[in-house]
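Numbering (our numbering), first residue to last: 196 to 742. Report on the following structure.
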């Protein structure tokens, strides 16, 4: 079958966890064809060029979300088009304002959906919406919705600057409505649209379903709505936060209503989807697939570990709460003076760089360099290494160097580093954040976040009990190999693809030579080699032998 794979800010232009997952999925499903439709977030991302793609990728199309204001927008709307735009955009803004107080009624959801598809049809006829959405007409339409009777107080208090900020955000979020991806020569020719995240990445799939009846599959390893909530910093105006939260909430509800199947990456993401109205019967939890090959040697050689070393691996940022880890390690050292802590990670942007400097200073304060004598060189029990540096070990070697792997996050999505440690057969101590408990499944110790004493007690318990460490490490490795491998992930999506196509109506607009409907956009016969006889032998007329 032909699958339209929808991505945002990642594959096939960037690496990272999402890009690796998409690449492994496409390569693992070599029996299918893939057309890639990517929404890019920056010019730099596109200038890096495409990653090497397998032969089953037949097309790559990109739409930028980073272009200047008004680029690609519609110009010169006539009177009728302006009236239609005002009507549909006013309805969408009215649904956003009505939902700004957290309402989730079906009437509001229907109003939002009708307005969204009305704008999409207008964009298709007028070749875009960009200029109209950013125009004075668009701002005035949004303002009328905010000032309308019944609008919540937060929306009524929106100032001109707030309206302009919301208008700019909505224009970027709605840019997929203006794309030319929805004809029979693009997504309309696909058997299935697979959106690799929610939000704008799934919007082309919604429109392909609306215009061409193509079924939609949505995979969320990090819930887009949750990421939006967390990304709205305290500096944003209350009216802006409320209106944008309402818009993304209504968009998420429509995506969850229309998708044939939703595949969250963990129970944490699944609960978010259910709270937004997703039908539980259409949800299939599919864990991300990770390559276990590189960690096999470490998992089969547990004796290489230093029995007194704790290891932390990840991106250095405040959400990882290394401060609590350092304070917990200070308590560990009081009970186990020979313990050491190895922190391996790279800072995440300027904020991460500043946080790393703060953690280094704290470590120097908590653990002054120790020396055996007055003339010996001191050594700090806490070491900081950066992933990818020339002197750094590989990730399997890092995990293999310690007896216990520690995770101290206060906010966590799907803990890939924890799974890598499990592949290596290491006992783990983790904080209860995100999908940690679901991933661990009883094969490691879990403590409350921001609790250095509990974290220290758990680490000391494992450092003092090598037999328990070995049992937990073996159980963790067996669990990871059963649930979190690439092979498990690819097999799950192969079955889901077939399930969706088998339950969807036959496309009546796709006919074979005799006029009968075809179940697939690219029928199996199209893959038969050219030298194969045009008419199968079983279909040739037979003659009765002479008696």
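Ideal Cβ placement from N, Cα and C applies to all residues, glycine included.
Could you tell me which residues DSSP puts in a beta bridge with residue 578?
Partner(s): 537.
### Query
Using 8 Å as the Cβ pair cut-off and three pairs as the minimum, do the region 679-699 and the region 637-646 touch?
Cβ pair count under 8 Å is below three, so no.
Q.
Measuring only the C-alpha atoms, how far is residue 435 from residue 675?
A. Roughly 42 Å separates the two Cα atoms.
| So, residue 410 versus residue 449, is the Cβ gap smaller than 8 Å? | No; because the gap between Cβ atoms is not below 8 Å, this pair is not in contact.
- How would you call residue 283, buried or exposed, if buried means at least 16 neighbouring beta carbons within 10 angstroms? So residue 283 ends up on the buried side.
According to DSSP, is residue 232 part of a helix, a strand, or is it coil? It is a strand residue.
| request: Whole angstroms is fine: what's the gap from residue 469's alpha carbon to residue 477's? | output: One C-alpha to the other measures close to 10 Å.
- Message: What would DSSP say about residue 266, mapped onto helix, strand or coil?
- Response: Residue placement at residue 266 is flagged as unreliable, the pLDDT there being 39, under the threshold of 50; a coordinate-derived value is accordingly withheld.
Next item on the list: Let me know the secondary structure DSSP gives residue 227 once reduced to three states.
Entry: Coil.
Using the three-state DSSP reduction, which class does residue 258 fall into: helix, strand or coil? In the structure shown, residue 258 sits in a strand (DSSP, three-state: E or B).
In angstroms with no decimal places, state the Cα-to-Cα distance between residue 291 and residue 307.
Residue 291 and residue 307 have their C-alpha atoms roughly 7 Å apart.
Problem set entry | Endpoints, the beta strand (DSSP E) within which residue 625 is located | According to the DSSP assignment, residue 625 belongs to the beta strand (DSSP E) that extends over 622-626.
Next on the checklist: If you follow the beta strand (DSSP E) that residue 456 is in, where does it begin and where does it stop?
Outcome noted: Start and end: 456-459.
(request) Measure the C-alpha to C-alpha separation of residue 546 and residue 214 and round it to an integer number of angstroms. (result) Residue 546 and residue 214: Cα-Cα distance of roughly 24 Å.
Mapping DSSP to helix, strand and coil, what is residue 572? Here residue 572 scores only 46 on pLDDT, less than 50, and its place in the model should not be relied on; the value that follows carries that caveat. Per DSSP, reduced to three states, the secondary structure at residue 572 is coil, with no helix or strand assignment.
**Message:** Could you tell me which whole beta strand (DSSP E) segments of length 3 or greater appear in the region 386-418?
**Reply:** Here the runs fully enclosed are 387-390, 411-415.
- prompt: Roughly how many angstroms separate the alpha carbons of residue 458 and residue 645, rounded to a whole number?
  reply: C-alpha separation (whole angstroms): 31 Å.
* **Inter-residue CB distance, residue 257 and residue 237 (contact presumed, cutoff 8 Å)** => Rounded, the Cβ-Cβ distance is 12 Å, inconsistent with contact.
By the 10 Å Cβ neighbour count, where 16 or more other Cβ atoms means buried, how is residue 266 classified, buried or exposed?
Any reading at residue 266 needs caution, since the residue's pLDDT is 39, under 50, leaving its predicted position unreliable; the model's value is listed next. Exposed is the call here.
In angstroms, rounded to a whole number, what distance separates the CA positions of residue 550 and residue 510?
-> Taking the straight line joining both Cα atoms gives about 11 Å.
(Q) Please state the DSSP three-state secondary structure of residue 513. (A) Looking at residue 513 - three-state DSSP - the assignment turns out to be helix.
Q.
Any heavy atom of the ligand ZN closer than 7 Å to the beta-carbon of residue 353?
A. With respect to small molecules bound, the structure shown includes none, and the ligand ZN cannot be examined in it.
Pick out whichever of 419, 451, 202 has its Cα sitting closest to the Cα of residue 439.
Per the Cα distances, 419.
| message | Here's the rule: buried if 16 or more other CB atoms are within 10 angstroms of the residue's CB, otherwise exposed. What is residue 389? | response | Residue 389 should be labelled buried.
Count the CB pairs spanning the region 240-250 and the region 218-227 that are closer than 8 Å, and state whether there are at least three. Output reads yes: the region 218-227 touches the region 240-250.
_Three-way DSSP call (helix, strand, coil) for residue 349 in this model_ = In the structure shown, the three-state DSSP call for residue 349 is helix.
Check: In chain order, what residues of the same chain lie with their CB nearer than 7 Å to the CB of residue 678, ignoring the 5 residues before and after it?
Finding: Apart from the 5 residues on each side of it in sequence, residue 678 sits with its Cβ closer than 7 Å to the Cβ of 482 in its chain, given in chain order.
Taking C-beta to C-beta, are residue 534 and residue 658 nearer than 8 Å? Cβ atoms of residue 534 and residue 658: closer than 8 Å.
DSSP state of residue 547, grouped into three classes?
-> Collapsing the DSSP output to three states places residue 547 in a helix.
Same chain, Cβ closer than 8 Å to residue 217, five either side skipped, listed in chain order: Counting only Cβ-Cβ distances below 8 Å, and skipping sequence neighbours, we find 200, 202, 205, 206, 207, 391.
(request) Confirm, please, whether the CB-CB distance from residue 624 to residue 653 is below 8 Å. (result) The Cβ atoms of residue 653 and residue 624 lie closer than 8 Å to each other.
Anyone know if the C-beta pair for residue 377 and residue 609 falls short of 8 Å? In this structure, residue 609 does not lie closer than 8 Å to residue 377 by Cβ.
Does residue 383 come out as helix, strand or coil in the three-state DSSP assignment? Looking at residue 383 - three-state DSSP - the assignment turns out to be helix.
| In three-state terms, what does DSSP make of residue 721? | Annotation note: pLDDT 49 at residue 721 (below 50); position unreliable, coordinate value reported separately. The answer is helix: DSSP assigns residue 721 an H, G or I state.
Cβ pair residue 617, residue 672 closer than 8 Å
Against a cut-off of 8 Å, the Cβ pair of residue 672 and residue 617 comes out as a contact.
Checklist line | Among 651, 635, 694, the one whose alpha carbon lies nearest that of residue 668 | finding: For residue 668, the nearest C-alpha among the options comes from 635.
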